[in-house]
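Residue numbers (our numbering): 1 to 272.
What follows is a short report on a single structure.
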Ligand code: KIV
């Protein structure tokens, strides 16, 4: 990117692949609204994920299951309007692709057409192979997602580390290869052992992007609200907080309230 000349090279699937090929790590964060997306894009983030974690951090649901396709498109539209450089990937929400490949394709087309995003992400391996193939055939780039897949939380029963046992680890290896073979451009690995991430990341040519998956992934993703310390009580081992915005925002809000109550705000220079 050359901000001085005003030329901004957009991040595409090819740019992402080239990063892996030359050993440059890929930085991805979530975004759900215009203002946050503008900050993250200006800061130089490579990929913005309009994650279905919006269901948790924006809407306050306990899981990602309730968010709808219309709501995801609304969030994606706001993010796309803000972005000049980053690639925007949108999560396909629970229920928008699992039934069959036709439904999956029409959901993906709605996301691309109505939001202007650049790719979709969906959870699962062999069980969603047909859906992914159908979406790819329409020319829509797909990011896979294996390991802890939060849309299946009621099947797993817990948010603990996945693929620690041999059978599940082998399924993950097979699914990763399958997703690469059918044409996914990248793959999120969530909450799996670092050693398995290392193995998978060197076995497949497409980039892996880890969350709670250790240092060997080709890129990293965090939920922005967790990374910035806006969500106060979520502190898993894998999360590094780069700010404590909950405290900063609480302090600012309390000072504002105090100033209003004290008739200090607005003062003479803050009125017309
Ligand atoms: O929805 C989301 O934020 C995600 C990331 C955690 C990868 O899927």
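C-beta: ideal position from N, C-alpha, C; glycine also.
Bounding residues of the beta strand (DSSP E) (the contiguous stretch that carries residue i)
| i | result |
| --- | --- |
| residue 63 | Run containing residue 63: none; DSSP gives neither H nor E here. |
| residue 91 | 87-91 |
| residue 253 | No beta strand (DSSP E) contains residue 253, which is instead part of the alpha helix (DSSP H) from 245-261. |
| residue 209 | 208-211 |
| residue 145 | 142-147 |
| residue 220 | 219-222 |
Alpha carbon of residue i to alpha carbon of residue j, nearest angstrom
| i | j | result |
| --- | --- | --- |
| residue 237 | residue 136 | 35 Å |
| residue 103 | residue 139 | 16 Å |
| residue 2 | residue 257 | With a pLDDT of 46 at residue 2, under the threshold of 50, the modelled position of this residue cannot be trusted; read the value that follows with caution. Distance between the alpha carbons of residue 2 and residue 257: 42 Å. |
| residue 110 | residue 75 | 13 Å |
| residue 115 | residue 268 | 44 Å |
| residue 108 | residue 183 | 16 Å |
| residue 180 | residue 71 | 29 Å |
| residue 261 | residue 28 | 42 Å |
| residue 217 | residue 208 | 5 Å |
| residue 255 | residue 248 | 11 Å |
Opposing strand residues paired with residue i [DSSP bridges]
| i | result |
| --- | --- |
| residue 14 | Looking at the DSSP assignment, residue 14 forms no beta bridge with any residue, so it has no partner. |
| residue 30 | 49 |
| residue 186 | 143 |
Member of the options whose CA lies at the smallest distance from the CA of residue i
| i | options | result |
| --- | --- | --- |
| residue 224 | 241, 186, 208, 212 | 241 |
| residue 226 | 217, 219, 244, 213 | 244 |
| residue 186 | 169, 172, 198, 204 | 204 |
| residue 123 | 132, 272, 117, 115 | 132 |
| residue 200 | 173, 191, 214, 41 | 173 |
| residue 49 | 271, 87, 255, 66 | 87 |
| residue 24 | 68, 31, 15, 32 | 15 |
N- and C-terminal bounds of the alpha helix (DSSP H) containing residue i
| i | result |
| --- | --- |
| residue 192 | Premise fails: residue 192 is in no alpha helix (DSSP H) and is neither H nor E. |
| residue 176 | 166-182 |
Check: residue i C-beta below 8 Å from any heavy atom of the ligand GDP
| i | result |
| --- | --- |
| residue 62 | For the structure depicted, the ligand GDP is absent and the ligand set comprises only the ligand KIV. |
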